[in-house]
Amino acid sequence: MVVIYVREGNVKRLDYISRHIFENILGTTFKITTEKRVFLRETGACINYSGEVINRGLQIIPNGLLSETGVRKIHDLGESKWKDFFCFFKQERGDIPFDLFSAAFYLLTSYEEYILKQTDEHDRFDLNSSLLHRNDSLEVPLIDRWAYGLKEELEKKYPNFKCNLRKYRFISTFDIDYPFLYRYKGVVKTAGLLLRDMLKFNFRNLKEHLSVILHLNPDPYMQTIKKIDGLYKKAGRTYHLFVLLGRNGKYGRSTVKQTTLYNNYLKTLEQVTIGSHPSYDTYHNPDLLIQEKEELENLLDREITTNRRHYFRMTCPQSFRESTLAGFKEDFSLSFAKAPGFRSGTAIPYYFYDVEQDTLSDLLIRPTIMMDSTLITHLGYSPGYAFFKIKQLADECKKSGGDYLWLWHNSNLSGKKNKLWNDVFIASFNYAVSLENDNFAK
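According to numbering that gives the first Met the number 0, the sequence shown is numbered sequentially starting from 0.
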């Protein structure tokens with residue numbers, strides 16, 4: 000138990016971030032009190048979260064963010080270092096040299112995204128505007144590290160202080176943008192693709208294409224989906240599969256329509272949580288978001304409670320509000336497409352807090368740490384360096400008991416040209432699983 004003293008009566012934000020730090024990360028309980036006499040009677044671990052000089056507890060000086068309501072533009076973040084990690088909201092007094100609670104709240108709620116409106120070509124929050132990216136701290140779960148640093152300071156002051164630390168978990172997710180490489184494209188598109196291969200003298204591809212549409216061989220993309228399922232069944236592991244139902248188009252699916260064959264196959268999957276992969280056009284279109292969710296539920300005859308936006312095309316808070324309105328319980332959309340890492344500073348799931356409205360929702364946000372296309376397409380990594388980076392991110396999650404939640408696409412693991420990436424996937428899978436069986440941080 001940690002007792003936190005605060006002078007102000009409004010403790011809603013402090014309660015929210017304390018739950019994440021103490022309960023979600025450190026595995027201990029906490030209590031907030033505004034009564035000094037109660038605080039002074041405590042004999043266990045205490046934090047004086049005020050500017051008052053009190054002969055009790057570890058002192059953290061607040062900068063005021065947690066006692067406010069709504070959103071304001073913060074001109075000077077007071078950037079600094081603590082225990083070799085980037086921090087901000089620097090304070091000259093106190094036992095911790097920055098307002099750890101406010102800084103963690105700022106990151107966890109994506110506070111900067113309410114203020115900074117710079118977007119990229121897909122109307123997503125621009126990576127270059129990210130505080131963590133600009134300070135080379137995107138690949139470290141900073142909140143989790145700060146929490147462990149706070150634990151160390153509390154243990155120094157209170158030797159009997161104990162935590163039941165959260166354990167690392169490996170969470171596998173897959174986006175199925177294209178279930179078929181060759182089949183169900185329609186007569187016109189199929190003829191055009193065959194003609195293109197002929198004109199380019201790409202006879203190997205032409206032969207494969209013809210063998211698939213003539214049903215002499217399985218479609219590579221669908222075959223990969225089945226191989227993934229076989230791997231996870233053999234390992235006795237579950238995974239998440241996000242299905243795209245969006246219309247045809249530049250950023251939509253490539254088949255003419257959702258096929259009965261594909262739908263029936265999805266219904267047979269047992270160790271899988273199937274979620275919605277809302278299409279590119281659902282961006283700030285809540286009606287279409289709900290429509291696609293209902294279509295998927297009707298096709299599979301099951302309730303769909305999870306989602307991840309196609310292309311990570313989302314903004315905070317609007318997209319999370321829409322997910323809540325649509326009836327989703329979990330959202331996997333929080334990530335940058337162009338860089339791996341911890342967009343909100345943590346590897347541990349948390350509930351969405353709407354800073355503008357100062358309300359806590361029941362939408363669980365599950366940060367996606369690594370996407371295959373980020374390493375392959377956006378960063379152009381070689382398979383060898385990508386494997387190194389994937390292991391590095393898994394190690395970061397392991398150090399503070401986070402969830403290593405990754406995303407792969409069946410399209411990036413299919414065919415002979417992707418054999419090296421398939422090898423990376425298998426090796427990475429084995430490494431990530433092995434960390435669950437190791438009680439020591441790597």
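Beta carbons: idealized from backbone N, C-alpha and C, even for Gly.
Please say whether residue j and residue i have beta carbons closer to each other than 8 Å?
| i | j | result |
| --- | --- | --- |
| Leu243 | His276 | yes |
| Ser427 | Pro140 | no |
| Phe124 | Ala102 | no |
| Leu153 | Ser343 | no |
| His214 | Tyr250 | no |
| Thr358 | Leu406 | no |
| Pro285 | Tyr113 | no |
| Lys206 | Gly148 | no |
| Phe335 | Leu126 | yes |
| Gln58 | Asp94 | yes |
| Tyr238 | Ser332 | no |
| Gly245 | Ser278 | yes |
| Pro339 | Glu138 | yes |
| Gly401 | Tyr167 | yes |
| Leu362 | Lys328 | yes |
| Trp420 | Ile375 | yes |
Provide the residue span of the alpha helix (DSSP H) that contains residue i, from first to last.
| i | result |
| --- | --- |
| Lys225 | Pro219 to Ala234 |
| Phe38 | Lys35 to Arg40 |
| Tyr460 | The chain is shown from 0 up to 441; residue 460 falls before or after that span and cannot be answered. |
| Thr323 | Gln317 to Ala325 |
| Tyr4 | Run containing Tyr4: none in the alpha helix (DSSP H); it sits in the beta strand (DSSP E), Val1 to Tyr4. |
| Lys156 | Leu141 to Lys156 |
| Ala71 | The question names Ala, yet the displayed sequence has Arg at residue 71. First-last for Arg71: undefined, no H or E at that position. |
Residue i by DSSP, collapsed to three states: which one?
| i | result |
| --- | --- |
| Val255 | Low per-residue confidence applies at Val255: pLDDT is 49, beneath 50, and the placement is therefore not dependable, though the value from the model is reported in the following sentence. Coil at Val255, not helix or strand. |
| Leu363 | strand |
| Arg168 | strand |
| Gln58 | strand |
| Asp330 | strand |
| Val354 | coil |
| Val211 | helix |
| Leu268 | coil |
| Asn47 | strand |
| Leu287 | helix |
| Cys162 | coil |
| Arg18 | helix |
| Asn306 | strand |
| Lys89 | strand |
Determine the burial state of residue i: buried for a count of at least 16 other Cβ atoms within 10 Å of its Cβ, exposed for fewer.
| i | result |
| --- | --- |
| Leu64 | buried |
| Phe200 | exposed |
| His19 | buried |
| Tyr384 | exposed |
| Pro217 | exposed |
| Pro61 | buried |
| Pro158 | exposed |
| Leu198 | exposed |
| Asn409 | buried |
| Thr345 | buried |
| Lys416 | exposed |
| His74 | exposed |
| Lys397 | buried |
| Glu355 | exposed |
| Lys266 | exposed |
| Gly56 | buried |
| Asp135 | exposed |
By how many angstroms is the C-alpha of residue j removed from the C-alpha of residue i?
| i | j | result |
| --- | --- | --- |
| Asp300 | Ala44 | 51 Å |
| Tyr220 | Ser413 | 6 Å |
| Val255 | Lys184 | Since pLDDT at Val255 reaches only 49, below the 50 mark, its modelled position is unreliable, and the value read off the structure follows with that caveat. Near 5 Å, if we compare the C-alpha coordinates of Lys184 and Val255. |
| Ala325 | Thr42 | 47 Å |
| Val52 | Phe160 | 23 Å |
| Asn306 | Thr323 | 11 Å |
| Leu13 | Val5 | 9 Å |
| Phe311 | Gly274 | 15 Å |
| Glu111 | Ile364 | 17 Å |
| Asn23 | Ile347 | 7 Å |
| Ile31 | Arg320 | 29 Å |
| Pro382 | Gln222 | 22 Å |
| Ala146 | Cys162 | 11 Å |
| Thr272 | Leu240 | 6 Å |
| Gly69 | Lys116 | 17 Å |
Taking the beta strand (DSSP E) that residue i falls in, what are its first and last residues?
| i | result |
| --- | --- |
| Ser275 | Val271 to Ser275 |
| Tyr183 | Run containing Tyr183: none; DSSP gives neither H nor E here. |
| Asp422 | Careful: Asp422 lies outside any beta strand (DSSP E), inside the alpha helix (DSSP H) at Lys418 to Glu435. |
| Phe100 | No beta strand (DSSP E) holds Phe100; the alpha helix (DSSP H) holding it covers Leu99 to Leu107. |
| Tyr113 | No beta strand (DSSP E) contains Tyr113, which is instead part of the alpha helix (DSSP H) from Glu111 to Ile114. |
| Ser79 | Ser79 to Trp81 |
| Asp402 | Asp402 to His408 |
| Ile389 | Element bounds for Ile389: not the beta strand (DSSP E) but the alpha helix (DSSP H), Pro382 to Lys398. |
| Lys30 | Phe29 to Thr32 |
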